[in-house]
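Just below is one structure, and these are the notes that go with it.
Residue numbers (UniProt numbering): 1 to 543.
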């Protein structure tokens with residue numbers, strides 16, 4: 001604090017004092033102008049805190065609230081005493097405000113204490129303001145209640161400001177930040193310090209209930225496990241619900257989930273859930289349990305005789321349209337099998353397979369292993385080699401199980417080859433031998449399986465005697481080609497007949513129109529014919 005006086009020429013000494021509230025002085029420092037010495041009075045509160053310079057400027061270290069006084073600089077001469085007062089103001093910036101005693105949650109439509117905003121160690125005291133999302137909160141009856149308290153420390157004389165906020169929240173306050181600030185005065189004027197923001201959990205009642213089916217699937221099939229989950233849109237969400245199953249009027253009390261295991265088709269229906277205390281607030285969903293049944297008749301291993309009739313049916317029962325596929329020996333068939341007269345080629349492993357395309361994993365299949373048995377049947381053929389040196393005898397055999405073939409020759413002649421056999425396909429195969437008989441011989445072919453033993457013989461003339469060859473048995477492949485050719489010929493004939501029919505109709509229509517037109521031109525045609533005959537007679541006469 002500088003002494004606000006001009007130092008006179010005849011100055012004797014200078015002194016500083018302060019005035020008590022009652023106006024009485026307390027001297028605290030003295031400096032002689034001649035001795036250049038400084039003396040400090042025995043004032044406890046200023047012990048070791050004062051410093052007086054040569055120009056009589058007084059400095060006070062470690063300022064305190066109690067230093068807020070009226071100080072006076074005194075300069076004394078032989079003739080007079082000069083005084084200049086200085087009023088000292090002390091300021092202390094408060095601590096950063098903090099929201100304490102925060103409510104764990106705020107419940108809508110209830111006036112609830114949100115918390116206390118505290119700022120400490122201020123001098124002089126300050127004011128506290130509350131904010132919601134950056135906007136000042138003003139008191140509002142029944143909705144915003146603010147109580148402000150300030151306390152002074154008897155030792156430090158510093159102020160502590162506390163402001164409590166009671167607030168009626170709404171759902172609009174979800175995720176909204178609340179804060180407070182303290183406004184105080186300092187040497188440079190008014191200043192404001194803000195607290196950290198606080199976001200509160202807003203509790204509100206459930207207004208809507210929803211139900212979910214877990215795990216989420218496009219379709220549910222028999223055998224699945226499903227879980228019903230009920231949700232309320234309140235906060236906190238409700239933890240207990242009533243679940244209503246199809247056909248059951250009483251609800252099942254459970255947590256927010258209810259599990260159905262290994263569901264069957266009779267579980268299809270309307271499922272509902274509600275709050276335990278608000279049964280009118282209901283959510284529902286329809287669950288369809290898809291099913292697929294397949295019945296193949298006959299199934300398993302079936303043994304039939306060649307020529308028998310075998311009806312086969314694959315019956316499907318499903319929750320929606322199902323696709324049916326027939327397979328034979330891993331090859332897809334164009335249509336379902338039907339056997340009016342069983343053949344060896346009909347034998348095999350048949351599979352009827354069905355599926356619901358929209359339902360993942362819902363497939364069924366049944367199999368039929370068809371065995372066609374037959375006694376051995378033999379047909380023998382012979383053929384002379386173009387060289388005329390040998391003859392080939394073939395024994396065609398059909399039957400199942402595969403018959404064993406044995407040859408017997410009566411007569412003389414060399415056997416060139418008797419081991420060649422064809423593959424066994426569709427119950428048929430053949431065995432052939434090549435011979436050069438010197439005389440007439442008889443060849444016997446014996447075919448035997450578990451059902452029967454069949455014998456057939458063929459007389460073969462000596463190689464020197466020409467004889468008629470018998471045609472070979474037509475193979476299945478060649479038989480199919482012949483059938484295809486026959487079908488082609490029949491198609492051509494039918495096409496020609498249709499063309500002839502169309503031409504006949506066109507001709508009939510033409511003739512019908514021609515008869516009508518001829519009535520009008522007959523007379524003209526007659527005259528024309530007579531003239532033509534006269535001209536011909538004239539030509540003959542001239543000739």
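The C-beta atom is built at its ideal place from N, Cα and C for all residues, glycine as well.
Cα-Cα, which of 190, 120 and 176 is closest to residue 156? On the chain shown, position 156 is the one that residue 156 refers to. Among 190, 120 and 176, the Cα nearest to that of residue 156 is on 120.
What first and last residue would you give for the beta strand (DSSP E) that runs through residue 456? Taking the first residue of the chain shown as 1, we reach residue 456 at position 456. 453–460 is the extent of the beta strand (DSSP E) around residue 456.
Would you call the CB atoms of residue 284 and residue 265 closer than 7 Å? The residue labelled residue 284 in the question sits at position 284 within the chain shown. The residue labelled residue 265 in the question sits at position 265 within the chain shown. Not in contact: residue 284 and residue 265 (Cβ atoms no closer than 7 Å).
Please give me, in chain order, every unbroken run of the beta strand (DSSP E) with length at least 3 that falls completely inside the UniProt domain "Ig-like" (205–288). Taking only runs of at least 3 residues, the beta strand (DSSP E) segments lying wholly in the UniProt domain "Ig-like" (205–288) are 209–214, 226–232, 241–244, 252–254, 257–260, 269–275 and 282–287.
Would you mind sorting residue 557 into buried or exposed? The rule is 16 or more other CB atoms within 10 Å of its CB. Outside the displayed range of the chain (1 to 543) lies residue 557, so it cannot be described from this structure.
Using only CA atoms, which one of 77, 293 and 357 lies nearest to residue 547? Only positions 1 to 543 of the chain appear in the structure, and residue 547 is not among them; the question remains open.
Once the 5 residues before and after residue 462 are set aside, which same chain residues still bring their CB inside 7 Å of it? To locate residue 462, count along the chain shown from 1; it is residue 462. Excluding residues within five positions, the ones whose Cβ falls inside 7 Å are 437, 438, 439 and 440.
Close beta carbons around residue 164, own chain, < 6 Å, minus the five adjacent residues each side: Start at 1 with the first residue of the chain shown, and residue 164 comes out as number 164. Same-chain partners within the cutoff: 116 and 147.
Who pairs with residue 69 in a beta bridge, going by DSSP? Translated into the one-based positions of the chain shown, residue 69 becomes position 69. Paired residues: none, contrary to the question.
Taking only three categories from DSSP, how would you classify residue 6? By one-based count along the chain shown, residue 6 stands at place 6. In the structure shown, residue 6 sits in coil (DSSP, three-state: anything other than H, G, I, E or B).
On the three-pair Cβ rule with 8 Å, is the stretch 195–209 touching the stretch 331–340? no
Which runs of the beta strand (DSSP E), 3 residues or longer, sit entirely within the UniProt domain "Ig-like" (307–369)? DSSP runs (the beta strand (DSSP E)) wholly in the UniProt domain "Ig-like" (307–369): 313–318, 323–328 and 348–355.
Would a C-beta distance cut-off of 7 Å place residue 234 and residue 204 closer than the cut-off? Counted from its first residue, the chain shown places residue 234 at position 234. Counted from its first residue, the chain shown places residue 204 at position 204. Against a cut-off of 7 Å, the Cβ pair of residue 204 and residue 234 comes out as a contact.
Taking 7 Å as the cut-off, decide whether the C-beta atoms of residue 401 and residue 376 are in contact. As a first step, residue 401 must be located in the chain shown, where it is residue number 401. As a first step, residue 376 must be located in the chain shown, where it is residue number 376. No, the pair does not count as a contact, with Cβ atoms beyond the cut-off.
Among 442, 385, 456 and 13, which one has its Cα closest to the Cα of residue 466? As a first step, residue 466 must be located in the chain shown, where it is residue number 466. Among 442, 385, 456 and 13, the Cα nearest to that of residue 466 belongs to 385.
In angstroms, rounded to a whole number, what distance separates the CA positions of residue 363 and residue 253? For the purposes of this step, residue 363 is taken as the residue at position 363 of the chain shown. For the purposes of this step, residue 253 is taken as the residue at position 253 of the chain shown. If I take the Cα positions, the gap works out to 36 Å.
Within this structure, are the beta carbons of residue 379 and residue 392 separated by less than 7 Å? In the chain shown, the residue the question calls residue 379 occupies position 379. In the chain shown, the residue the question calls residue 392 occupies position 392. No.
Please report the distance separating the alpha-carbon of residue 80 from that of residue 190. Against the chain shown, residue 80 aligns to sequence position 80. Against the chain shown, residue 190 aligns to sequence position 190. Whole-angstrom Cα-Cα distance: 43 Å.
From residue 38 to residue 93, what distance separates their C-alpha atoms? Here the question's residue 38 lines up with position 38 in the chain shown. Here the question's residue 93 lines up with position 93 in the chain shown. Cα-Cα distance, rounded: 34 Å.
Am I right that residue 112 and residue 46 are in contact with their C-beta atoms under 8 Å? What's the rounded C-beta distance? Residue numbering aside, residue 112 sits at position 112 when the chain shown is read from its first letter. Residue numbering aside, residue 46 sits at position 46 when the chain shown is read from its first letter. At roughly 51 Å, the Cβ-Cβ gap does not stay under 8 Å, so residue 112 and residue 46 are not in contact.
Note down the Cα distance separating residue 313 from residue 511, rounded to an integer number of angstroms. For this step, residue 313 is matched to residue 313 along the chain shown. For this step, residue 511 is matched to residue 511 along the chain shown. So the alpha carbons of these two residues sit roughly 57 Å apart.
Residue 332 and residue 325 look like a contact to me (Cβ under 8 Å); what is the Cβ gap, rounded to whole Å? Residue 332 sits at position 332 when you count from the first residue of the chain shown. Residue 325 sits at position 325 when you count from the first residue of the chain shown. So it is a contact: roughly 6 Å between Cβ atoms.
Alpha-carbon spacing of residue 251 relative to residue 304, whole angstroms: In the chain shown, the residue the question calls residue 251 occupies position 251. In the chain shown, the residue the question calls residue 304 occupies position 304. Their backbone Cα atoms lie some 59 Å apart in a straight line.
Using the beta-carbon count (16 or more within 10 Å), is residue 421 buried or exposed? As a position in the chain shown, residue 421 is number 421, starting the count at 1. Residue 421 is exposed by the Cβ-count criterion.
Option nearest residue 89 by Cα separation, candidates 54, 221, 185 and 302: Position 89 of the chain shown, counted from the start, is the residue given in the question as residue 89. The shortest Cα separation from residue 89 among 54, 221, 185 and 302 belongs to 185.
Using CA atoms only, rank isn't needed, just tell me which of 95, 96 and 114 is closest to residue 104. Looking up residue 104 in the chain shown gives position 104. The shortest Cα separation from residue 104 among 95, 96 and 114 belongs to 114.
Using the C-alpha atoms, what's the distance from residue 91 back to residue 97? Residue mapping note: residue 97 aligns to position 97 of the chain shown, counting from 1. Residue mapping note: residue 91 aligns to position 91 of the chain shown, counting from 1. If I take the Cα positions, the gap works out to 17 Å.
Applying the criterion that 16 or more other CB atoms from any shown protein chain within 10 Å of the CB defines a buried residue, is residue 544 buried or exposed? Outside the displayed range of the chain (1 to 543) lies residue 544, so it cannot be described from this structure.
For the beta strand (DSSP E) holding residue 112, just list the boundary residues, first then last. Residue mapping note: residue 112 aligns to position 112 of the chain shown, counting from 1. It spans 111–122 - the beta strand (DSSP E) in which residue 112 sits, taken as one unbroken run.
Extent of the continuous beta strand (DSSP E) to which residue 148 belongs: In the chain shown, the residue the question calls residue 148 occupies position 148. Counting along the chain, the beta strand (DSSP E) containing residue 148 begins and ends at 144–152.
Considering residue 293, what are the terminal residues of the beta strand (DSSP E) in which it resides? Counting from 1 along the chain shown, the entry for residue 293 is found at position 293. Unbroken beta strand (DSSP E) run through residue 293: 292–297.
Quick one: Cα of residue 453 to Cα of residue 399, how far? Residue numbering aside, residue 453 sits at position 453 when the chain shown is read from its first letter. Residue numbering aside, residue 399 sits at position 399 when the chain shown is read from its first letter. Going from the Cα of residue 453 to the Cα of residue 399 covers about 11 Å.
Sorted by chain position, which residues of the same chain lie with C-beta nearer than 6 Å to residue 8's C-beta, five sequence neighbours on each side aside? Locating residue 8 in the chain shown gives position 8, where the first residue counts as 1. These residues qualify, in order along the chain: 77.
Let's see if you can read the secondary structure: which residues bound the beta strand (DSSP E) around residue 64? Here residue 64 refers to the residue found at position 64 of the chain shown. Counting along the chain, residue 64 falls outside any beta strand (DSSP E), and DSSP gives it neither H nor E.
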